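Working notes, structure below.
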Amino acid sequence: MRKHSVGLQRSASFLLLLLILAVGQLQTPPHRSRSVSTVFPYIKFSSSKDGMACGYSFGDCKKKNVMFVIAHPDDESMFFSPTINHLSSNGYNLHVLCLSTGNADGMGRIRSDELHRACAVLKVPLKQLKILDHPNLQDGFGQEWSQNLLTKIIDEEVTNHNIHMIITFDGYGVSGHCNHRDVHHGVLKFLQTDSGRNVKAWELASLTIFRKYLGPIDIWMSILSTKGDTSRAVIINEQPLKSFEAMAQHSSQWVWFRKLFVSFSSYTYVNTLQRIKA
Ligand SMILES: [Zn+2]
């Protein structure tokens, strides 16, 4: 028993040390020391022709309007923050479309306010945040969201804001939540019915349970698993502490197990994005 607990303590200390080292590396501003691309010289940031991470190699990405399509307040901080931080610091114009208020426990208004505060931390202009409270798009398991309705809403937002690129969940939806999966299918249907505008879309690759809680170690796993795959881009979080700060704005959700989840979740440190082909 005692041997077991000593082993656990040693493992925990080792993980903590790795975490501190990795966060320290990533927190170092590029102008003071090495940039992320030199820390990880083998990373292929610009694996697509669209210049997904073009701040590192192309100069023509300014003013691109990117819309994150999410299901609930906190999805942006918990899952997409490496990408949001990267695009925000590289001159992209970010929009967030949140398709519900997260009212499963009757806290929709509180959670909407929290999303506003998180977006302020993540430098998403508040006028470019839209949170829907549609009767047919309510938070919860067993609430099937209509693809046609989602397609119509996404189409309107793309038109109104001249969106060039959409980023959303993949078909599994990170946690397997049915609302996340429905959002993916809504975006997919939008792409299939959209003609002429040529909106690009990327999905956040869901990780296996083995990789989900590797924390910063998953940066290397992500790089290795996407090597040579031109349809994928690995985006390392340059400001993981900002992600914690953003998540902390979701006070109603910021309970001990979620703090633990955010600390060890690979999605806090790295995102692998994959092109969605309609
Ligand atoms: Zn969610």
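For the sequence shown, the residue numbers in the working numbering are 21 to 298. From the three backbone atoms N, C-alpha and C, an ideal C-beta is built for every residue, glycine too. None of the values given here were measured: they were computed from a predicted structure.
Proximity test, residue i beta-carbon vs ligand 2 heavy atom, cut-off 8 Å
i: I151; result: Ligand 2 is not among the ligands present in this structure, which contains only ligand 1.
N- and C-terminal bounds of the beta strand (DSSP E) containing residue i
i: L149; result: 149–151
i: F88; result: 85–90
i: T292; result: 290–295
Cβ shell of residue i (< 6 Å), same chain only, five flanking positions each side left out
i: S226; result: D190, Y192, V194
i: L142; result: I104, A266
i: R137; result: Q269
i: Q148; result: H115
i: L41; result: Unreliable positioning characterises L41 in this predicted model, as indicated by a pLDDT of 43, which lies under 50. A coordinate reading is not provided.
i: Y112; result: K84, V86
i: I90; result: E96, C118
Buried versus exposed, by CB contacts within 10 Å (16 or more), residue i
i: W222; result: buried
i: N180; result: exposed
i: V275; result: exposed
i: G126; result: exposed
i: P93; result: buried
i: G162; result: exposed
i: P155; result: exposed
i: I229; result: exposed
i: L211; result: buried
i: S132; result: buried
i: E134; result: buried
Cβ shell of residue i (< 8 Å), same chain only, five flanking positions each side left out
i: I183; result: N85, V86, M87, H115, E177, V219
i: K262; result: S101, N105, V141, L142
i: R201; result: F189, G191, Y192, G193
Ligand 1 heavy atom lying under 8 Å from the CB of residue i
i: S263; result: no
i: H115; result: no
i: I90; result: yes
i: N257; result: no
i: D95; result: yes
i: H106; result: no
i: N199; result: yes
i: S226; result: no
i: S272; result: no
Delimiting residues of the alpha helix (DSSP H) encompassing residue i
i: F277; result: 276–284
i: K262; result: 260–268
i: S97; result: 95–98
Contacting residues, own chain, Cβ-Cβ under 7 Å from residue i (five flanking each side not counted)
i: M241; result: R231, L234
i: V213; result: Per the sequence presented here, residue 213 reads as Thr, with Val not at that position. These residues qualify, in order along the chain: T171.
i: H204; result: T188, F189, D190, G191, G193, E223
Contact with chain B by residue i, beta-carbon distance below 9 Å
i: S251; result: The structure shown contains no chain B, having only a single protein chain.
Identify every run of the alpha helix (DSSP H) within the region 103–189, keeping only runs that are complete inside it and at least 4 residues long; order them along the chain. 128–141, 167–181
Sequence ranges, alpha helix (DSSP H) only - wholly within the region 196–257, length at least 4: 198–213, 229–232, 238–246
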